[in-house]
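Enquirer: Handing you this structure, nothing more for now.
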């Protein structure tokens, strides 16, 4: 079910610094949920020891540190708003608690960006988080990420990845 652990060094060569920051933020959010580490500690760990660093012979790509910090801090600050949005987008037989920590991190980060980063096109946000899901999963999870983010993009921004516009 789960693909090999995704790392910034094996991100697509065309990955930009924001894309790498998104992947690192998802990993950091996962780590925070599992270990209980706080935002400041996790940001320092990633910035000092991971982002753009050589780890065991693998060169991690540079990430936009401000984008990375904004995502993790924003998701933590807004989680009480984000989780109900995810919950309402899932079917009754698929509660939020059924999603694993990585999938929750991907959805939280994607929704946070849709809500707060209005200057970033919807299609970019949805595509990047679907790609992150594909780095971790081989089955239906990327489709779930696409469906949830697309549905919420329509609610939040009045448009979906397919540029569907809200009725007037």
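In our numbering, the protein residues as written are 284 to 451. A virtual CB, placed ideally from N, CA and C, is assigned to each residue, including glycine.
1. Here's the rule: buried if 16 or more other CB atoms are within 10 angstroms of the residue's CB, otherwise exposed. What is residue 363?
2. Evaluate residue 244 with the Cβ neighbour count: other Cβ atoms within 10 Å of its Cβ, from every protein chain shown; 16 or more gives buried, anything less gives exposed.
3. Alpha carbon to alpha carbon, how far is residue 384 from residue 415? Give it in angstroms, no decimals.
4. Keeping to the same chain, check which residues put their C-beta closer than 8 Å to that of residue 245; ignore five residues upstream and five downstream.
5. Using the beta-carbon count (16 or more within 10 Å), is residue 393 buried or exposed?
6. For residue 317, which residues of its own chain have a beta-carbon under 7 Å away from its beta-carbon, when the five flanking residues on both sides are left out?
7. Among the residues of its own chain, which have a CB less than 8 Å from the CB of residue 332, if the five just before and after it don't count?
8. I need the boundaries of the alpha helix (DSSP H) containing residue 403, first residue and last residue.
9. Can the beta-carbon of residue 341 be found less than 8 Å from the beta-carbon of residue 303?
10. Threshold first: 4 residues or longer. Then list the alpha helix (DSSP H) segments lying entirely within the stretch 345 to 389, N to C.
11. Looking only at its chain, what residues have a beta carbon closer than 8 Å to the beta carbon of residue 307, apart from the 5 residues adjacent to it on each side?
12. When the Cα atoms are used, what is the spatial distance from residue 373 to residue 399?
Expert: Quick answer:
1. For the purposes of this step, residue 363 is taken as the residue at position 80 of the chain shown. Exposed, since its Cβ has fewer than 16 Cβ neighbours within 10 Å.
2. There is simply no residue 244 to check, as the chain begins at 284 and stops at 451 in what is shown.
3. Locating residue 415 in the chain shown gives position 132, where the first residue counts as 1. Locating residue 384 in the chain shown gives position 101, where the first residue counts as 1. Distance between the alpha carbons of residue 415 and residue 384 is about 14 Å.
4. Residue numbering for the chain in the displayed model covers 284 to 451; residue 245 lies beyond these limits and cannot be assessed.
5. Indexing the chain shown from 1 puts residue 393 at position 110. Flag for residue 393 reads buried.
6. Numbered from 1 along the chain shown, position 34 holds the residue referred to as residue 317. The answer, listed in chain order, is 384.
7. By 1-based counting over the chain shown, the position of residue 332 is 49. If we look at residue 332 and ignore the five residues flanking it on each side, its Cβ neighbours are 338.
8. Here residue 403 corresponds to residue number 120 of the chain shown, with the count starting at 1. No alpha helix (DSSP H) contains residue 403, which DSSP labels as neither H nor E.
9. Here the question's residue 341 lines up with position 58 in the chain shown. Here the question's residue 303 lines up with position 20 in the chain shown. Not closer than 8 Å, so no.
10. 348 to 372
11. Against the chain shown, residue 307 aligns to sequence position 24. Within the same chain, residue 307 has close Cβ partners 291, 329, 333, 334, 346 and 351.
12. Translated into positions along the chain shown, residue 373 becomes position 90. Translated into positions along the chain shown, residue 399 becomes position 116. If you take the alpha carbons of residue 373 and residue 399, they lie about 22 Å apart.
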